[in-house]
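Residues in the sequence shown are numbered consecutively from 2, following the working numbering. We put the beta carbon where it would ideally sit given N, CA and C, even for glycine. Small disclaimer: the values here were computed from a predicted structure and weren't measured. Read the structure below first, then the notes.
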Amino acid sequence: PEQFGDKTPCGQWDVKELLNHLVLWTSYSFERRARSEQVGQDLQERDFASEPDYAVRYREQLDRALAAWAPDEVWASEVDTGHAKMPASQIAEMILMELVLHAWDLATATGQEYRCPEDVAATVAKAVSETAEMYRQYDGFAAEVELGEDASVFERALAVSGRTPVGR
């Protein structure tokens, strides 16, 4: 909580705002997407980070979201996002991308190290490259950052999403 007001690599959000965004979209929205349900205004306005034991509650909600995605038929379905219908697998990749990129944002903002496994980085890099232009249309991503040839897959995913990898 003492770092809630700190800036993040997501220029428009401080740590608390980013944390609320992360909780909403990677757990509550993810669970609802499995059932092609929309996220209600009550959840969109909720200040999760101000609630006692918010981290424990987030973990529990992530478990519910993962359970909602466990049936094979969910993965074979199309998800109505309210704007368009998309394959469930594409929604899951986008949620993973949100989780990984914003976890890196939070770690960076709070002075913590973030490590992304290579297989996860590859999936995130694919999702970032497929959705970058769409995200830029509503300022979800900044302009791509140029990196050298020695950049890792994860650093490239960060760069395509408009983030400057730490130490670059």
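- Message: Measuring only the C-alpha atoms, how far is L172 from V125?
- Response: Summary: the structure shown does not reach residue 172, with the chain confined to residues 2 through 169, and so no result is reported for it.
- Task: Counting only the same chain and skipping the five closest in sequence on each side, list residues whose C-beta sits under 7 Å from that of S162.
- Result: L102, V129, A133, F142
- Message: Using only CA atoms, which one of S28, V16, A144, D73 lies nearest to L107?
- Response: V16
- Message: Measuring straight from C-alpha to C-alpha, what distance separates E74 and E3?
- Response: 43 Å
- Using only alpha-carbon positions, find the residue among V146, W105, P72, Y55 that is nearest to E114. W105
- State the beta-bridge partners of P88 as determined by DSSP. E79
- Query: On the three-state DSSP scale, how would you describe D64?
  - Reply: Looking at D64 - three-state DSSP - the assignment turns out to be helix.
- Message: I need the DSSP call for D151, collapsed to helix, strand or coil.
- Response: coil
- Message: Spatial neighbours of W70 within its chain, please: C-beta separation below 6 Å, excluding the five flanking residues on both sides.
- Response: Answer for W70: A35, listed in chain order.
- Item | Closest Cα partner of Y29 within the set G12, L100, K86, F5 | L100
- Message: Suppose contacts are defined by Cβ-Cβ distances below 8 Å. Is T9 in contact with L25 by that definition?
- Response: no
- Message: T111 and D43 - do their beta-carbons sit closer together than 8 Å?
- Response: no
- Should M95 be labelled buried (16 or more other beta-carbon atoms within 10 Å of its own) or exposed? Result: buried.
- May I have the straight-line CA-CA distance separating E46 from Y59, to the nearest angstrom? 16 Å
- Message: Between the alpha carbons of V146 and R157, how many angstroms are there, rounded?
- Response: 9 Å
- Task: Evaluate R116 with the Cβ neighbour count: other Cβ atoms within 10 Å of its Cβ, from every protein chain shown; 16 or more gives buried, anything less gives exposed.
- Result: exposed
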